[in-house]
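Only one structure is covered here, and it is reproduced in the block below.
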Amino acid sequence: LAVFDMAGTTVDDRINGLPLVLKSYHDAFRSHGVEVPMMVLNAQRGRDKRTVISELGGDKADDIYADFVSSLKENISEIREMEGAPETFRKLKSKEVSVVVSTGFPVDVAEPLVDHLGWISDGLVDSWTCSELVGTSRPDPAMILDSMKRYTVDDPGIVIKVDDTMKGIEEGRNAGVYTIAVLTGTQSIQQLDGSGPDMILRSVKEIPDHLEKKRML
Numbered sequence: 009l010a011v012f013d014m015a016g017t018t019v020d021d022r023i024n025g026l027p028l029v030l031k032s033y034h035d036a037f038r039s040h041g042v043e044v045p046m047m048v049l050n051a052q053r054g055r056d057k058r059t060v061i062s063e064l065g066g067d068k069a070d071d072i073y074a075d076f077v078s079s080l081k082e083n084i085s086e087i088r089e090m091e092g093a094p095e096t097f098r099k100l101k102s103k104e105v106s107v108v109v110s111t112g113f114p115v116d117v118a119e120p121l122v123d124h125l126g127w128i129s130d131g132l133v134d135s136w137t138c139s140e141l142v143g144t145s146r147p148d149p150a151m152i153l154d155s156m157k158r159y160t161v162d163d164p165g166i167v168i169k170v171d172d173t174m175k176g177i178e179e180g181r182n183a184g185v186y187t188i189a190v191l192t193g194t195q196s197i198q199q200l201d202g203s204g205p206d207m208i209l210r211s212v213k214e215i216p217d218h219l220e221k222k223r224m225l
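FYI, the numbering for the sequence shown is 9 to 225, going by the working numbering.
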């Protein structure tokens, strides 16, 4: 089983050079007079978005969240897959690995985004999940554990988790699975290394070769 994060890992959420998630956070907070430093927002990447806004938005959180989700939805058609993601999915599937994509996006953003990319209809991904569906946010390992249960995988030693964020790496470690950090997101190699991944790669493009060298594929 392979569980991949979406934005920053398998999904390129940059629009006009800016990560959509961070821009949407920033604009939504500012429109309601709440100033949150970009450094703080960047540290929240990988977490459930409603949880983040609830913690930082005070009594304006509901309105901020509504604007945030609206911004994401408006830009779904502009989002593209990360270079190498389809080829990596295809390689894993050819080796009978179940592939799941996971995200901190809510259902009403995650579902149309996966549909837009066509991964499930093209047979590249078996399913998707999000923190809203499992009821808890990263670094809790619920999305990984739920995926393991769905595909009847009992041994965490045959599961990999791939993510571009510290919270996502911590999620993988909490699940006891082999965890790969990639450098295509907005968090630095120093930050990612501090979260304790088993391996750091430049992008998902390098995953098949790495797993073959490790005799894990």
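Quick reminder that beta carbons are idealized off the backbone N, C-alpha and C, glycines included.
What you are looking at is a predicted structure, and each value in this text was computed from that prediction instead of being measured.
Using a 10 Å radius around the Cβ and a threshold of 16 neighbouring Cβ atoms, would you call Cys219 buried or exposed?
Just to set this straight, residue 219 is Leu in the shown sequence, not Cys. Its Cβ being crowded by 16 or more others within 10 Å, Leu219 is buried.
Are Pro205 and Glu179 closer than 7 Å when you measure CB to CB?
no
Buried or exposed: which applies to Pro149, given that a residue is buried once 16 or more other Cβ atoms fall within 10 Å of its Cβ?
buried
Could you round the C-beta distance between Asp13 and Thr173 to whole angstroms and report it? I think they count as a contact, below 8 Å.
7 Å
Does Pro114 pass the burial test, meaning 16 or more other C-beta atoms within 10 Å, or should it be called exposed?
buried
According to DSSP, is Met14 helix, strand or coil?
coil
Span of the beta strand (DSSP E) holding Phe188?
The amino acid occupying residue 188 in the given sequence is Ile; Phe does not appear at that position. Counting along the chain, the beta strand (DSSP E) containing Ile188 begins and ends at Tyr186 to Val190.
Please name the residue, chosen from Ser203, Val105 and Lys175, that lies closest to Ser155 on a Cα-to-Cα basis.
Val105
Are three or more beta carbon pairs between the segment 92-107 and the segment 210-225 nearer than 8 Å?
yes
Cβ neighbours of Val29 in the same chain (closer than 7 Å, five flanking residues each side left out):
Ala15, Asp21 and Arg53
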